[in-house]
Amino acid sequence: MVARAVTISQHEEREASCCPRPSPLCWDPAEDLRCIATTFQYLQTSGWYWGSLSASDAREALLTKSEVKTRCGPTSVRIEYSRGCFWLDSISPALPHLQSFPNVLTLIQHYKSSGHAPQDQASNDFTPKAKPDPASGVPLNLMQPLHKPEAFPSLQHLARLTINRHTNCPEHLPLPTPLLRYLQDYPFHI
1 MVARAVTISQ
11 HEEREASCCP
21 RPSPLCWDPA
31 EDLRCIATTF
41 QYLQTSGWYW
51 GSLSASDARE
61 ALLTKSEVKT
71 RCGPTSVRIE
81 YSRGCFWLDS
91 ISPALPHLQS
101 FPNVLTLIQH
111 YKSSGHAPQD
121 QASNDFTPKA
131 KPDPASGVPL
141 NLMQPLHKPE
151 AFPSLQHLAR
161 LTINRHTNCP
171 EHLPLPTPLL
181 RYLQDYPFHI
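According to full-length UniProt numbering, the stretch in the sequence shown is residues 1 to 190, in order.
Below, the structure written as structure tokens:
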């Protein structure tokens, strides 16, 4: 995923969080397997999942992409998982305020939305106007996926993405059942 830096405030509401922070209650490990398998299937379908990749290989792939450069060059962000929830890794006090999600694609789709750019910053700026305060937020705004050259999405998948971008209820479209199932197999617009 190609990213650029903006600040996500520590006061960001968790009301939209699909997945509350994991609790110490009993958890069935089979749920972890189901959640990770489903997320992995979504990632493989996306066309922009690169699989196992070293940090240096990722840096090299992103180095020529101007949208990902910060003052320090390309930056990696780790995604954490526990008990059916995914969230961004953070050592800042903002951690309890970061949202968590039921899968990685929902997390990425959330941070890709333009609603997280600060009000005083133009959406096409690459660098924040003020340095982000490490104690109050995470510098992140995802722009667009970086597809693997040999795994560019099929025309069918691109059509599915377009439909998903234009409707929240594809199951209400007048389409044959197999097409509706195909839309439901990947309910994201990224």
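Note that CB positions come from ideal geometry on N, CA and C, so glycine has one too. Please read all numbers here as calculations on a predicted model, not as lab measurements.
Where the alpha helix (DSSP H) containing residue i begins and where it ends
i: Phe40; result: Pro29 to Ser46
i: Leu63; result: Ala55 to Leu63
Inter-residue spacing [alpha-carbon to alpha-carbon] between residue i and residue j
i: Thr45; j: Ala30; result: 23 Å
i: Gln109; j: Ile190; result: 7 Å
i: Glu53; j: Tyr111; result: This sequence places Leu at residue 53; Glu is not what is there. If you take the alpha carbons of Leu53 and Tyr111, they lie about 22 Å apart.
i: Pro145; j: Thr162; result: 15 Å
i: Leu180; j: Pro174; result: 9 Å
i: Leu142; j: Lys65; result: 13 Å
Closest by C-alpha distance to residue i, when choosing among the options
i: His157; options: Pro174, Gln184, Glu171 and Thr177; result: Gln184
i: Asp32; options: Arg83, Tyr49 and Ser154; result: Arg83
i: Trp48; options: Trp27, Pro153 and Ala37; result: Pro153
i: Trp50; options: Lys148, Asp28, Cys72 and Phe40; result: Lys148
i: Ala37; options: Leu155, Ala159 and Leu105; result: Leu105
i: Cys35; options: Pro176, Pro178, Tyr81 and Pro170; result: Tyr81
Pair within 8 Å by beta-carbon distance, residue i and residue j
i: Ala61; j: Ser76; result: no
i: Leu98; j: Ile79; result: no
i: Asn168; j: Phe188; result: no
i: Asn103; j: Tyr182; result: no
With 16 other Cβ atoms within 10 Å as the buried cut-off, status of residue i
i: Phe86; result: buried
i: Pro88; result: It is worth fixing the name first, because residue 88 is Leu in this sequence and not Pro. The residue is buried, with at least 16 neighbouring Cβ atoms inside 10 Å.
Where the beta strand (DSSP E) through residue i begins and ends
i: Glu80; result: Ile79 to Ser82
i: Leu88; result: Cys85 to Leu88
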